[in-house]
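Protein chains in written order, with our numbering: chain A, 325 to 555; chain B, 662 to 956.
Take a look at the structure below.
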């Protein structure tokens, strides 16, 4: 069975009459690297919110790792999220805490002891190349370093799935390239990566699976695609 | 829940107490004021009840005979009353003694007799003590039906008034407490809401990394609990020491007013206040976060 499955998923918001997602069915296998592209308002963010159960579809089924997440009880949502890391365009770091503390925070809320937390945080910081910045605060870091801190926080719990919503949206091309290399490394170690993006050059250069959304519909699903969704 | 998690919660709660210091002080202050007033009313009502009860237990029934009742009839009636099961003691006050008492108070037995034409105008009367203050009314009514008895007096009206005052005070106190309590609750809700807003980013991140709802809620509940506990503890101390001061100043000067000297009861009052404050605090934060922690 596939790792992630969407069966005829519909989603619309009460506030607008436009359907955010319209009859989406797809499968994503374990270890895949998937780009989610499309113009603004195409439904990418909704797609991602459905994945980590911030939103629930109006119709259809979403299965992750054999478990229907549309039927999760409120109490079970945290358990789902512990198995996925989430990275945002605006990094979402805590300004009053150091790099180390920001990453450790993700484990503290899971009630781990400092003894358990320390080696994991050090390993995660090492993987994103920020060991030397551990004691710095977010405002002392460059944008790329802040995003790498956020990625370290997302992977510190060794999730099976990494979800990235426009992770390079606020970064210059050179820094974006570094972040993409980091995400690919993480993917090579077995983590499934789903990344929503606007960056055509990144999608075109990596030649990974591309899912194109337009007006809430899945218009193209290409195993080694380019960015172009105009056609 | 693990012990270090509890430590983490307490640390987070106290941090935000200091971060919103002025709001915290306002919320605590309003808990203090309402709990102090609650305490004052509580002690006032308890004391009035206490006074009423102690007056009631000292009350006797005064049985007045018709002025021309033969002494023998008086003694017979006295025996009849003594035979009643609720009655513990019956004392006869003959009219001669009554006259003496009055002349002691107003002077000149002789002039008094002269003024009334040499005839003692006073009746004989009996003072009846009962075993239980609650039976006093029954005894009074029964005695009132006996022959030669002119009139029966007992202090029930005063007692009823005292109890009525105590009851009225309780209602007034309850009303004021309700108003002030809502004020305190409201301020705590606002304080917690401010904390929730100022930590929205943190709460969101906690959700994304898989913190449970209760893990997110506990620090806020603790914060409200602390606000309530600190505020009401101050009130409890004020009530406790204030009451002791009143006892020392008034209790020794005005000895005929019986006041409650029961240390345990007063401590219990203080504890009631602390518990009330904690309840208001916890309730305030629970009401506040219920709406704001939904994602």
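Backbone N, C-alpha and C fix where the C-beta goes; we use that ideal spot for every residue, glycine too.
Name the one or two DSSP bridge partners that residue 750/B has. If you number the second chain from 1, residue 750/B lands on position 89. Residue 750/B pairs with 790/B.
Taking Cβ positions only, does residue 876/B come closer than 8 angstroms to chain A? Within the second chain, the letter at position 215 stands for residue 876/B. Yes - at least one Cβ of chain A is within 8 angstroms of the one on residue 876/B.
Using the three-state DSSP reduction, which class does residue 802/B fall into: helix, strand or coil? Looking up residue 802/B in the second chain gives position 141. Three-state DSSP puts residue 802/B in a helix.
Quick one: does residue 663/B have its CB under 8 angstroms from some CB of chain A? Translated into the one-based positions of the second chain, residue 663/B becomes position 2. Yes, its Cβ sits closer than 8 angstroms to a Cβ of chain A.
Note down, in chain order, all residues in the stretch 852 to 864 of chain B with a beta-carbon under 9 angstroms from any beta-carbon belonging to chain A. 862 and 863
In chain order, what residues of the stretch 671 to 696 of chain B put their CB closer than 9 angstroms to some CB of chain A? Those would be none; no residue qualifies.
8 angstroms contact criterion, which residue 788/B and residue 735/B should meet: CB distance rounded: Locating residue 788/B in the second chain gives position 127, counting from the first residue. Locating residue 735/B in the second chain gives position 74, counting from the first residue. Actually they are not in contact, since the Cβ atoms of residue 788/B and residue 735/B sit about 13 angstroms apart, beyond 8 angstroms.
Within 8 angstroms of any Cβ in chain A, is that where the Cβ of residue 950/B sits? Position 289 of the second chain, counting from 1, holds the residue named residue 950/B. No, because no Cβ of chain A sits closer than 8 angstroms to the Cβ of residue 950/B.
In three-state terms, what does DSSP make of residue 357/A? Looking up residue 357/A in the first chain gives position 33. DSSP places residue 357/A in strand when its eight states are reduced to three.
From 478/A, 540/A and 335/A, residue whose alpha carbon lies closest to that of residue 363/A: For this step, residue 363/A is matched to residue 39 along the first chain. Checked all of 478/A, 540/A and 335/A; the closest Cα to residue 363/A is 540/A.
Note down, in chain order, every chain B residue with its Cβ under 7 angstroms from the Cβ of residue 402/A. Here residue 402/A is taken as the residue at index 78 of the first chain, counted from 1. The contacting residues are 871, 872 and 873.
For residue 723/B versus residue 786/B, is the C-beta spacing smaller than 8 angstroms? Counting from 1 along the second chain, the entry for residue 723/B is found at position 62. Counting from 1 along the second chain, the entry for residue 786/B is found at position 125. Cβ atoms of residue 723/B and residue 786/B: closer than 8 angstroms.
On the DSSP bridge assignment, give the partners of residue 334/A in chain order. For this step, residue 334/A is matched to residue 10 along the first chain. Paired residue(s): 383/A.
Going by DSSP in three states, residue 666/B sits in which element: helix, strand or coil? As a working note, residue 666/B is residue 5 in the second chain. Note: residue 666/B maps to helix in three-state DSSP.
What separation, rounded to the nearest whole angstrom, lies between the Cα atoms of residue 265/A and residue 889/B? The structure shown has nothing for residue 265/A, since chain A only spans 325 to 555.
Report the neighbours of residue 666/B on chain A: residues whose CB is nearer than 8 angstroms to its CB, in chain order. Here the question's residue 666/B lines up with position 5 in the second chain. Under the 8 angstroms cutoff, chain A gives 435.
May I ask you to report which of helix, strand or coil DSSP gives residue 956/B? In the second chain, the residue the question calls residue 956/B occupies position 295. Low per-residue confidence applies at residue 956/B: pLDDT is 47, beneath 50, and the placement is therefore not dependable enough to give any value.
Just the chain A side, please: which residues come within less than 9 angstroms of residue 866/B by C-beta, in chain order? Residue 866/B sits at position 205 when you count from the first residue of the second chain. Chain A residues near residue 866/B: 416, 417, 418, 426, 429, 430, 433 and 477.
Is the Cβ-Cβ distance between residue 942/B and residue 692/B less than 8 angstroms? Within the second chain, residue 942/B is the residue found at index 281, counting from 1. Within the second chain, residue 692/B is the residue found at index 31, counting from 1. Note that the C-beta distance between residue 942/B and residue 692/B is below 8 angstroms.
Amino acids of chain B, ordered along the chain, whose beta-carbon sits closer than 7 angstroms to that of residue 410/A: Residue numbering aside, residue 410/A sits at position 86 when the first chain is read from its first letter. One finds 869 in chain B with Cβ atoms closer than 7 angstroms to the Cβ of residue 410/A, taken in chain order.
Which runs of the beta strand (DSSP E), 3 residues or longer, sit entirely within the stretch 693 to 748 of chain B? 722 to 726
Using a C-beta to C-beta distance shorter than 8 angstroms, which residues of chain B count as neighbours of residue 405/A? Counted from its first residue, the first chain places residue 405/A at position 81. In chain order: 868, 869, 870 and 871.
8 angstroms Cβ cutoff, residue 669/B in contact with chain A: One-based indexing of the second chain puts residue 669/B at position 8. Yes, because at least one Cβ of chain A sits closer than 8 angstroms to the Cβ of residue 669/B.
Contact belief for residue 919/B with residue 709/B at Cβ below 8 angstroms, rounded distance in angstroms: In the second chain, counting from the first residue as 1, residue 919/B sits at position 258. In the second chain, counting from the first residue as 1, residue 709/B sits at position 48. Actually they are not in contact, since the Cβ atoms of residue 919/B and residue 709/B sit about 11 angstroms apart, beyond 8 angstroms.
DSSP beta-bridge partners of residue 876/B: The residue labelled residue 876/B in the question sits at position 215 within the second chain. Note: residue 876/B sits in no beta bridge, so no partner.
Are residue 417/A and residue 426/A closer than 8 angstroms when you measure CB to CB? Within the first chain, numbered from 1, the residue matching residue 417/A stands at position 93. Within the first chain, numbered from 1, the residue matching residue 426/A stands at position 102. Yes, the pair counts as a contact, with Cβ atoms nearer than the cut-off.
Quick check on residue 777/B: buried or exposed, where buried means 16 or more other Cβ atoms within 10 Å of its Cβ? Here residue 777/B refers to the residue found at position 116 when the second chain is read from its first residue. Burial call: exposed.
Where residue 333/A and residue 325/A are concerned, what is the direct C-alpha to C-alpha distance, given to the nearest angstrom? On the first chain, position 9 is the one that residue 333/A refers to. On the first chain, position 1 is the one that residue 325/A refers to. So the alpha carbons of these two residues sit roughly 18 angstroms apart.
Using the rule of at least 16 other Cβ atoms within 10 Å of the residue's Cβ for burial, across every protein chain shown, is residue 799/B buried or exposed? By one-based count along the second chain, residue 799/B stands at place 138. It counts as exposed.
Determine contact between the stretch 713 to 720 of chain B and the stretch 873 to 883 of chain B, defined as no fewer than three beta-carbon pairs at a distance below 8 angstroms. no
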